[in-house]
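These notes concern the structure reproduced below.
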Amino acid sequence: MMSDTPDILCIGSVLWDVIGRSNSSMRQGSDVPGRITQLPGGVALNIAMTLRRFGLTPALLSAVGQDTAGEQLIAETEAMGLICKHLYRSADLPTDKYMAVEGANGLIAAIADAHSLEAAGEKILAPLQDATLGSLDAPYSGLIALDGNLTLTLLSKIAKDPLFASADLRVAPASPGKAARLRPFLDQTRATLYVNLEEAELLCQKSFDTAAVAAQALIARGAARALVTHGGNLAAEADASGLRQATPPQVLVARVTGAGDTFMAAHISAELSGAHKQDALEQALQAAARYVSGETTH
């Protein structure tokens with residue numbers, strides 16, 4: 001029987017991923033054969049699914065419509081062992097979707113339609129206020145994985161909200177296009193940031209040659225801790241205790257959507273299992289490599 005007590009809260013996008021993949025290299029205007037799949041996705045849900053694979057029980061805080069797509073999404077998500085009872089269910093907002101096209105040369109294009117999540121706003125956080133999961137008198141004190149699909153206004157509120165003051169807050173942008181939304185967390189020095197090199201550059205508004213330089217720059221800007229990946233190149237983690245680096249295993253890339261989410265979830269799981277910081281970084285890179293190679297399931 002599934003536990004009703006979560007090990008971690010995953011806050012952000014819970015939606016359908018529609019992914020078109022081809023074994024051919026592609027460019028703008030390409031029309032090639034391939035496969036199109038529809039699977040449960042969204043940054044928060046991808047993180048939750050990976051955490052569940054590592055034996056943890058995540059609870060989701062997001063917005064899912066009462067439409068057929070929403071009912072099906074929740075049915076599949078609960079079947080995986082995720083806690084969905086805290087989701088905000090709107091009769092007026094449709095279930096969100098993400099659409100991507102991937103070729104042999106990587107991600108070609110993607111569109112994230114998270115309008116319902118953005119429209120729901122603070123309503124998704126109600127369980128942290130009404131004593132279901134926490135309150136101002138007794139703020140939630142566990143782990144929270146938060147993604148940048150929320151609006152800048154809501155992310156700014158979370159960055160300084162007393163409701164989150166006791167939480168171990170782990171934050172990831174939804175995409176490079178939304179990386180700037182995480183800037184409020186640089187001002188508050190209360191979150192661990194998980195970004196790739198491009199996202200770090202957007203957050204700091206400058207270019208970096210390596211993940212190590214980027215991670216140290218994020219700490220200098222105010223992050224409590226920063227983990228920066230750079231594809232198959234050296235990844236880095238920085239905090240007040242220093243800098244750690246590790247090289248990802250070299251694998252053939254079968255997919256890219258969800259790799260960053262897998263890295264973040266694997267890192268959180270490794271730390272919860274008691275791994276030291278260097279070991280947790282290496283384990284997370286190994287898990288992400290297995291994912292992009294297609295060795296592990298979505």
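The sequence shown maps to residues 1 to 298 in UniProt numbering. Think of the CB as a built atom: it goes at the ideal place given N, C-alpha and C, for glycine as much as any other residue.
Hey, how far is the Cα of residue 142 from the Cα of residue 166? As a position in the sequence shown, residue 142 is number 142, starting the count at 1. As a position in the sequence shown, residue 166 is number 166, starting the count at 1. Spanning the two alpha carbons is a distance of roughly 8 angstroms.
Validate contact between the region 98-114 and the region 17-26 using beta carbons, cut 8 angstroms, 3 pairs: Using a C-beta cut-off of 8 angstroms, the region 98-114 makes contact with the region 17-26, since at least three inter-stretch Cβ pairs fall below that distance.
In its own chain, which residues sit with a C-beta less than 8 angstroms from the C-beta of residue 279, not counting the 5 before and 5 after it? Position 279 of the sequence shown holds residue 279. The residues are 270.
Excluding the 5 residues preceding and the 5 following residue 199 in the sequence, name in chain order all residues of the same chain whose CB lies nearer than 6 angstroms to its CB. Taking the sequence shown and counting its residues from 1, the one referred to as residue 199 is at position 199. So the list reads 173, 176 and 179, once near-sequence residues are dropped.
For residue 247 and residue 60, the rounded distance between their alpha carbons: The residue you call residue 60 lines up with position 60 of the sequence shown. The residue you call residue 247 lines up with position 247 of the sequence shown. So the two alpha carbons sit approximately 32 angstroms from each other.
Taking the beta strand (DSSP E) that residue 262 falls in, what are its first and last residues? As a first step, residue 262 must be located in the sequence shown, where it is residue number 262. Where residue 262 is concerned, there is no enclosing beta strand (DSSP E), although the alpha helix (DSSP H) it sits in stretches over 259-272.
Extent of the continuous beta strand (DSSP E) run through residue 171: Translated into the one-based positions of the sequence shown, residue 171 becomes position 171. That run of the beta strand (DSSP E) goes 168-172.
Please return the same chain residues whose Cβ sits closer than 6 angstroms to the Cβ of residue 133, not counting the five positions on each side in sequence. Counting from one through the sequence shown, the residue named residue 133 turns up at place 133. Excluding sequence neighbours, residue 133 sits near 127 and 140.
Own chain partners of residue 258 with C-beta closer than 6 angstroms, once the 5 adjacent residues on each side are dropped: Counting from 1 along the sequence shown, the entry for residue 258 is found at position 258. Closer than 6 angstroms at the Cβ level, and outside the excluded window around residue 258, lie 46.
Grab the span of the beta strand (DSSP E) containing residue 160 for me, first residue to last. Position 160 of the sequence shown, counting from 1, holds the residue named residue 160. No beta strand (DSSP E) contains residue 160, which is instead part of the alpha helix (DSSP H) from 152-160.
Ordered along the chain, which non-local residues of its own chain (more than five positions away) have a Cβ less than 8 angstroms from that of residue 244? In the sequence shown, counting from the first residue as 1, residue 244 sits at position 244. Cβ neighbours of residue 244 beyond the five flanking positions: 236, 237, 238, 277, 278 and 281.
Would you report the Cα separation of residue 7 and residue 31, rounded to the nearest angstrom? By 1-based counting over the sequence shown, the position of residue 7 is 7. By 1-based counting over the sequence shown, the position of residue 31 is 31. Approximately 44 angstroms, taken between the alpha carbons.
Decide yes or no for the touch test of the region 85-96 against the region 69-76: beta carbon pairs closer than 8 angstroms, at least 3 of them. The region 85-96 is in contact with the region 69-76.
With a Cβ-Cβ cutoff of 8 angstroms, do residue 345 and residue 81 count as a contact? Outside the modelled stretch of the chain, which goes from 1 to 298, sits residue 345, for which no answer is possible.
Select from 183, 75 and 168 the residue whose C-alpha is nearest the C-alpha of residue 154. Here the question's residue 154 lines up with position 154 in the sequence shown. Nearest to residue 154 by C-alpha distance, out of 183, 75 and 168, is 183.
With DSSP as the reference, label residue 88 as helix, strand or coil. Here residue 88 is taken as the residue at index 88 of the sequence shown, counted from 1. Residue 88 falls in the strand class under three-state DSSP.
Beta-carbon proximity of residue 228 to residue 202, cut-off 8 angstroms: Position 228 of the sequence shown, counting from 1, holds the residue named residue 228. Position 202 of the sequence shown, counting from 1, holds the residue named residue 202. No, they are not a contact pair.
Cutting at 7 angstroms between CB atoms, please list the residues of its own chain near residue 84, excluding the five before and the five after it. For this step, residue 84 is matched to residue 84 along the sequence shown. Here the set comprises 60, 74, 77 and 78.
Which partner residues of residue 40 appear in the DSSP bridge assignment? On the sequence shown, residue 40 is found 40 positions in, with the first residue counted as 1. Under DSSP, residue 40 shares a beta bridge with 16.
Endpoints, alpha helix (DSSP H) assigned at residue 286: Taking the sequence shown and counting its residues from 1, the one referred to as residue 286 is at position 286. Looking at the DSSP string, the run of the alpha helix (DSSP H) that includes residue 286 is 277-292.
Applying the criterion that 16 or more other CB atoms from any shown protein chain within 10 Å of the CB defines a buried residue, is residue 267 buried or exposed? In the sequence shown, the residue the question calls residue 267 occupies position 267. Buried, because 16 or more other Cβ atoms sit within 10 Å of the Cβ of residue 267.
Let's test the definition: count the other Cβ atoms within 10 Å of the Cβ of residue 145 and tell me whether it reaches 16, buried, or not, exposed. Residue mapping note: residue 145 aligns to position 145 of the sequence shown, counting from 1. With 16 or more Cβ atoms within 10 Å of its Cβ, residue 145 is classed as buried.
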